[in-house]
Every structure is written in C-alpha cells, then in structure tokens.
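This report refers to the structure that appears directly beneath it.
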Ligand code: AMP
Ligand code: MG
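Residue numbers (my numbering): 14 to 420.
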C-alpha cells in the first residue's frame with residue numbers, strides 16, 4: 014500500500030499532454046490553447062469616436078456653454094465603417110458616429126446631446142467645451158500590436174472567444190480532447206428503468222463517470238456495464254484500449270473472487286504501476302498504462318468511485334488537456350473529522366465563507382456506499398493520516414467541486 018502523495022507522483026509522471034490541432038473558433042469552446050495568441054494589430058486599430066456627435070477642434074469651442082453656444086460649420090458626416098477622409102479646418106465640425114474614424118484636424122468629439130443636433134442645418138451650435146482627446150478612443154490604448162492577447166494553456170471561454178474574434182482569428186491551435194472509455198463491472202448491476210431482482214442494485218457509477226467526464230472536457234467514446242465475466246470484460250477492454258486515451262472503470266479491482274480486472278489488463282499488455290493506496294475510501298485503486306493508454310481501476314463503491322474520479326482522474330484529464338492541474342485549498346473545520354491513522358481520509362463536505370475565512374464541515378454519512386453524502390456537498394475534504402480525530406479549528410485541504418458554489 015503506497016501513500017496518496019506517492020501515488021500522485023507515479024500517476025502524474027505517466028501523463029503526456031495531448032497533441033495539438035487547429036479548430037474553428039466556434040468549435041473551440043472549453044478546449045485549451047496550444048499556442049500564445051498575439052494581437053495582430055493595435056486595439057483600437059485607429060482613433061475613433063466613443064460617442065455619436067460631432068468631431069471638433071477643441072480650441073474652437075473653448076468657451077462654449079448652453080447660454081453662450083459656439084457656432085461651427087458642419088462640413089460632412091462619418092458613419093461607423095466609413096474611411097473618414099475629411100480634413101477639418103478652423104471653425105468647422107463633422108458629424109461623427111460611435112466607432113467612426115476621427116477626421117484629420119479634429120482632436121475631440123462633442124456628444125450630440127450637447128449640440129443643436131444633426132438637423133440644425135449647415136451650422137451647428139455647440140453647448141459644451143471640450144479638451145484634446147475628449148470622447149476619442151485612441152489607437153492602441155487597449156493593447157499594442159504584437160502583445161500576447163491570450164496565453165498558451167488558457168481554457169477557451171466566452172471571454173477568449175470574444176477576444177480572439179475581435180482580432181480576426183477564425184481558427185486556433187488547441188490540445189486534442191482526451192478520449193475516454195468508461196466501464197462499470199458487476200453482475201449485480203441493473204440499468205435504471207428496469208426492475209430489480211433480489212440482490213441486484215442500480216448502476217450509478219457509470220452515470221457519475223459520464224457526467225464528470227463531460228464536465229472536465231473529455232470525449233466519451235465507449236461506455237458500458239459489463240458483468241463479472243472474463244470473456245466479456247476482455248472484449249470490452251481490448252476494444253477500448255485500441256481507441257481511448259484513458260480507460261476508467263469501477264469495480265472488480267478488490268479482493269473478491271470475481272474481481273478479474275487486473276488479471277485481464279495484464280493479459281492485454283497493460284503495465285501495472287500501482288494497486289492499493291493508503292486512502293479511505295477507495296483503497297484498492299489500480300493504475301496502469303500502455304504506451305497509448307492510461308488505465309484507472311476505481312473500486313465500485315459509489316463514494317469511492319466518485320471521490321476517486323475527482324482525486325485521481327480529473328487532474329490527469331486537466332493535465333492532458335493542457336491545463337494547470339487545479340489545486341486544493343486550505344479550510345478550517347467547524348466539526349470533528351474522522352481522521353485515519355495510516356490512510357488519507359476523504360469525505361464529501363460543505364465549504365462556506367465565515368468571517369472572511371474558508372470553513373468546512375464533512376458529511377455525517379461516512380460510508381463509502383452512501384452516495385447521498387454527495388448531495389449537498391460542494392467540496393471533498395481531505396485529511397492526512399494522523400492520530401485521533403481532527404477537531405473544530407483544525408486545518409484541512411479541500412477540493413472544490415467546480416460545478417458547485419461556495420455558500
Ligand atoms: P466492487 O469494487 O466490484 O467489489 O464493488 C464494491 C461495491 O460497489 C459493491 O457493493 C458493488 O455492488 C458496488 N458497485 C459496484 N459497481 C457499482 C455501480 N456501477 N453502481 C453502483 N454500485 C456499484
Ligand atoms: Mg464487483
């Protein structure tokens with residue numbers, strides 16, 4: 014039995030970041046950039062108006078007031094999208110809409126609300142003074158040409174998609190989505206929707222794995238329940254290993270007479286790197302690899318499988334996708350926590366802010382078969398081994414469940 018820390022080192026050492034590929038911007042959501050993206054031009058690209066109004070020379074309207082307007086000659090109009098090839102002389106103004114280029118000679122914009130309006134004839138009354146640069150968006154004030162806009166290894170979200178399209182990118186280089194095969198083993202498992210016979214239970218792990226795999230951003234290429242039958246398991250596993258980057262199974266890795274998984278994986282050429290980790294729940298964790306696949310065998314108890322996925326598989330998928338692996342946070346216990354003497358103990362819990370400190374309390378349902386312990390949880394609490402239970406006020410690590418919020 015090896016420690017959780019050692020197991021993490023062994024596993025992360027085997028993880029390779031995926032190759033990259035070019036995808037269309039509108040297909041890149043949730044993927045991770047495999048290149049630094051730079052600004053191809055300064056932003057704004059040219060001086061332009063921040064308001065609908067009139068481009069002016071500020072020196073011409075120094076004393077303009079509502080009861081003492083300055084009258085300027087209107088020599089034209091520039092809508093957004095226009096080249097703006099007009100030059101302004103002394104005593105002149107130009108209609109200039111939001112986003113339109115500032116004409117030569119002008120150094121400020123007066124909002125239309127501070128004038129007699131667009132339809133006041135060949136002259137316009139200006140009711141407010143201006144300073145150089147007023148209501149002008151300056152070329153390059155947001156970002157200069159060549160600056161890194163979005164750094165490599167950034168996950169693509171609405172902010173990145175919007176920014177990349179602003180700079181004209183239609184395709185970007187991203188890391189390939191890891192392909193996962195999901196397996197639940199057990200003769201007792203029945204699909205929800207069908208009646209249960211004595212001794213049978215409904216399969217839940219495959220549903221949990223499916224949802225987690227989608228949330229972390231993997232592509233599910235195979236998923237099935239397979240009975241505790243050597244040939245059926247071998248068929249599923251051999252097919253899966255041909256196609257997937259990661260195989261994640263639940264059940265069949267413990268000490269039962271029908272726990273065949275390790276033996277079949279060995280027959281199929283998978284190298285076992287670890288089996289049994291000093292953790293509760295989930296001690297009989299299995300991890301193996303081939304040159305093309307990583308294989309996780311999580312124990313079948315629903316809490317072991319769920320927490321096991323979050324602790325062991327989620328960070329691996331993040332790393333393969335090119336993300337920085339998410340880190341645990343420190344939190345202060347508000348309740349006692351059943352620390353284990355030689356095993357790292359994980360429990361679902363609820364984290365909150367209290368007096369600007371992150372505090373947490375574990376679920377009171379301690380059993381690894383009790384999946385309802387996950388229902389209100391927004392985190393998984395982790396305690397290193399040690400003597401006696403942890404007390405309120407003691408510090409623990411927590412892993413926030415990314416789809417939940419801190420209350
Ligand atoms: P195993 O790891 O195969 O020994 O299974 C441990 C416990 O988890 C047993 O009580 C199984 O019935 C239960 N179990 C295994 N797979 C699942 C599953 N897919 N959904 C719900 N419970 C399961
Ligand atoms: Mg089983």
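Don't be surprised by glycine CBs; every beta carbon is placed ideally from N, CA and C.
Taking residue 96 as the reference, which of 117, 86, 77 has the closest Cα?
117
Given 8 Å, three or more beta-carbon pairs between the segment 173-182 and the segment 51-66:
yes
Identity of the residues DSSP links to residue 202 by a beta bridge
214
Determine whether the beta carbon atoms of residue 143 and residue 68 lie at a separation below 8 Å.
no
How close, in whole Å, do the beta carbons of residue 166 and residue 335 come, if the pair is a contact with beta carbons under 8 Å?
5 Å
Applying the 10 Å Cβ sphere with the 16-neighbour rule, what's the burial state of residue 14?
exposed
Can you check whether the CB of residue 409 is closer than 8 Å to the CB of residue 438?
There is no way to answer for residue 438, as the model of the chain reaches only from 14 to 420.
Identify whether residue 82 lies in helix, strand or coil by the three-state DSSP scheme.
coil
In whole angstroms, what separates the C-alpha of residue 176 from that of residue 337?
21 Å
Here's the rule: buried if 16 or more other CB atoms are within 10 angstroms of the residue's CB, otherwise exposed. What is residue 132?
exposed
Is residue 270 near the ligand MG, judged by its Cβ being under 7 Å from some heavy atom?
no
Give the C-beta separation of residue 308 and residue 350 to the nearest angstrom, bearing in mind that I take them to be a contact with Cβ-Cβ under 8 Å.
Residue 308 to residue 350, Cβ: 32 Å. No contact.
Would you kindly check if the distance between the Cβ of residue 396 and the Cβ of residue 352 is under 8 Å?
yes
Can you give me the Cβ contacts of residue 136 inside the same chain, cut-off strictly under 7 Å, excluding the 5 residues immediately before and after it?
84, 85, 86, 87
Is the beta carbon of residue 190 less than 8 Å from the beta carbon of residue 230?
yes
Could you tell me how far apart the beta carbons of residue 185 and residue 384 are, in whole angstroms, since I believe they sit closer than 8 Å?
Actually they do not touch by this definition, with Cβ atoms about 39 Å apart.
Quick one: grab the DSSP three-state call for residue 244.
helix
Which residues DSSP lists as bridging residue 34, in chain order
187
With respect to 7 Å, is the separation between the Cβ of residue 214 and the closest non-hydrogen atom of the ligand AMP below this value?
yes
Taking the DSSP output, what are the residues bridged to residue 122?
68
Where the beta strand (DSSP E) containing residue 395 begins and where it ends:
392-396
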